[in-house]
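This report concerns only the one structure given below.
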Amino acid sequence: MTSYKLVARRPGQADTIIQIANCRIGGGNVVVVAGPCAVESEYQMLELGRQLKECGVHMLRGGAYKPRTSPYSFQGLGEEGLQILARTRELTGLPVISEVTDVRELDKAYHYIDVIQIGSRNMQNFALLTEVGKQDKPVLLKRGLAATLEEWLWAAEYIAAAGNHQIILCERGIRSFETYTRNTFDINAIPALKELTCLPVLADPSHGTGRASLVAPVARAALAAGADGLLIEVHTNPSQALSDGFQSLTPQEMGRLMRELRQIAPAVGKTLP
Ligand code: PEP
Ligand code: MN
Numbered sequence: 006m007t008s009y010k011l012v013a014r015r016p017g018q019a020d021t022i023i024q025i026a027n028c029r030i031g032g033g034n035v036v037v038v039a040g041p042c043a044v045e046s047e048y049q050m051l052e053l054g055r056q057l058k059e060c061g062v063h064m065l066r067g068g069a070y071k072p073r074t075s076p077y078s079f080q081g082l083g084e085e086g087l088q089i090l091a092r093t094r095e096l097t098g099l100p101v102i103s104e105v106t107d108v109r110e111l112d113k114a115y116h117y118i119d120v121i122q123i124g125s126r127n128m129q130n131f132a133l134l135t136e137v138g139k140q141d142k143p144v145l146l147k148r149g150l151a152a153t154l155e156e157w158l159w160a161a162e163y164i165a166a167a168g169n170h171q172i173i174l175c176e177r178g179i180r181s182f183e184t185y186t187r188n189t190f191d192i193n194a195i196p197a198l199k200e201l202t203c204l205p206v207l208a209d210p211s212h213g214t215g216r217a218s219l220v221a222p223v224a225r226a227a228l229a230a231g232a233d234g235l236l237i238e239v240h241t242n243p244s245q246a247l248s249d250g251f252q253s254l255t256p257q258e259m260g261r262l263m264r265e266l267r268q269i270a271p272a273v274g275k276t277l278p
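Number 110 in my numbering belongs to position 105 of the sequence shown; there are no gaps in the numbering.
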């Protein structure tokens, strides 16, 4: 018996299904979320959103508040970035996800976006977890940089304990001794979480590898291992991206990956609409 009682899988319990507009996350449905690491301009986001919709992506994601290691790196457009995301949703009809890094951003973000992302660096920001737990939008909870599965599920428990059970977990790689890749994508985490919890599990091979050339193979592996969806960074011109260009796919590469995922999904008993 585990002590994170709200998010632990109980015998016979059905998978949690989270419905966001027309997108169904969990329960055998595969959801593909894509977008730039950061919202950089209205033109960039609207054009990329249009191209990603054409690829068949189900949801869009872009950062407005960016948690950057250096205070001198691009920090995101803030509320303007959220407004651009809302306009992109209007244009494409696709739901949007964005990260909130501080409780003071939450009210603002709530009005513009469909899913609130808690990033790795905030996985144990307990005040923020409790606040997103009090509101009624789904939360995408990324794994902490060096968090164990148990610590991650405890973080999810904070959100559930505050009343919000619409939690999506996202494996994004962990720190290891390896330096060739930005992080080490923990494929074990996907089937392990399926045993431990009913919450849907997404995979982020972009941060999990940090290298564009490795994103598609690791995305395919994650889907085969049982992920309920993928989160992929895409940029129309990765070499010019203001953040994470090195790990970003082009829309053409994203289109190819979608076709590959469509072949894998039925082979592992899943539906990719
Ligand atoms: C991101 O999603 O762009 C991000 C900053 O990811 P993580 O929190 O996983 O590092
Ligand atoms: Mn990023």
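Beta carbons are placed, not taken as given, at the ideal position from N, Cα and C, and that holds for glycine.
(Q) Can you tell me whether residue 107 sits near the ligand PEP, meaning its C-beta is under 7 angstroms from at least one heavy atom of the ligand? (A) Relative to the ligand PEP, residue 107 has its C-beta separated by 7 angstroms or more from all heavy atoms.
Q: Starting from the Cα of residue 45, find the closest Cα among 102, 37, 79 and 32 and give me that residue.
A: Closest by alpha carbon: 79.
Q.
What does DSSP give as the partner residue(s) for residue 137 in the beta ladder?
A. Looking at the DSSP assignment, residue 137 forms no beta bridge with any residue, so it has no partner.
Q. In or out: residue 139 buried (at least 16 other Cβ within 10 Å) or exposed?
A. So residue 139 ends up on the exposed side.
Q: Give every residue of the same chain whose Cβ lies closer than 7 angstroms to the Cβ of residue 160, excluding the five residues on either side of it in the sequence, and list them in chain order.
A: Around residue 160: 128, 129, 134 and 146.
Q: Closer than 7 angstroms is what we want: which residues have a beta carbon that near any heavy atom of the ligand MN? List them in chain order.
A: That query returns the following residues: 42, 68, 211, 212, 238, 248 and 249.
Q.
What would DSSP say about residue 45, mapped onto helix, strand or coil?
A. Three-state DSSP puts residue 45 in coil, outside helix and strand.
Q) Hey, would you say the C-beta of residue 125 is under 7 angstroms away from at least one heavy atom of the ligand PEP? A) Checking the 7 angstroms criterion, the Cβ of residue 125 is within range of a heavy atom belonging to the ligand PEP.
(Q) On a Cα-Cα basis, can you pick out the residue from 95, 243, 252 and 220 that is closest to residue 55? (A) Measuring from the Cα of residue 55, the nearest candidate turns out to be 95.
(Q) I'd like the ranges of any beta strand (DSSP E) spanning at least 3 consecutive residues and lying wholly in the region 72-127. (A) 101-104 and 120-123, all fully within the region 72-127.
Q | CA-to-CA distance, residue 124 to residue 105, given in whole angstroms | A | Residue 105 and residue 124: Cα-Cα distance of roughly 8 angstroms.
Q: Please confirm whether any heavy atom of the ligand PEP lies closer than 7 angstroms to the CB of residue 72.
A: The answer is yes for residue 72.
**Q.** Nearest to residue 118 (by Cα), restricted to the options 99, 155 and 11
**A.** For residue 118, the closest C-alpha among the options 99, 155 and 11 is that of 99.
Q | For residue 238, the first and last residue of its enclosing beta strand (DSSP E) | A | Note, residue 238: beta strand (DSSP E), 234-238.
(Q) Let me check one thing: in DSSP terms, what residues is residue 34 bridge-paired to? (A) Answer by DSSP bridge pairing, in chain order: 31 and 276.
(Q) Can you determine whether any heavy atom of the ligand PEP sits closer than 7 angstroms to the C-beta of residue 209, and answer yes or no? (A) At least one heavy atom of the ligand PEP is nearer than 7 angstroms to the Cβ of residue 209, so yes.
Q: Spatial neighbours of residue 267 within its chain, please: CB distance less than 7 angstroms, with the 5 preceding and 5 following residues excluded, ordered by chain position.
A: Non-local C-beta neighbours of residue 267 in its own chain, meaning closer than 7 angstroms and more than five positions away in sequence, comprise 277, ordered along the chain.
Q | Cβ distance (whole Å) where residue 103 is taken to contact residue 88 below 8 angstroms | A | Between residue 103 and residue 88 the beta-carbon gap is near 11 angstroms, outside 8 angstroms, which marks them as no contact.
Q: Identify every residue that forms a DSSP beta bridge with residue 147.
A: The partner list for residue 147 (beta bridge, DSSP) reads 175.
(Q) Please report the straight-line C-alpha distance between residue 19 and residue 39, rounded to a whole angstrom. (A) When the Cα atoms are used, residue 19 and residue 39 turn out to be separated by approximately 27 angstroms.
Q) So, is residue 272 buried or exposed, given that buried needs 16 or more other C-beta atoms within 10 angstroms? A) Exposure of residue 272 is indicated by the presence of fewer than 16 other C-beta atoms within 10 angstroms of its C-beta.
Q) Going by the C-beta, is residue 110 closer than 7 angstroms to any heavy atom of the ligand PEP? A) False, no ligand heavy atom lies under 7 angstroms from that Cβ.
Q) Could you give the C-beta distance for residue 61 and residue 90, rounded to a whole number, given that I count them as a contact under 8 angstroms? A) That pair is no contact at about 20 angstroms.
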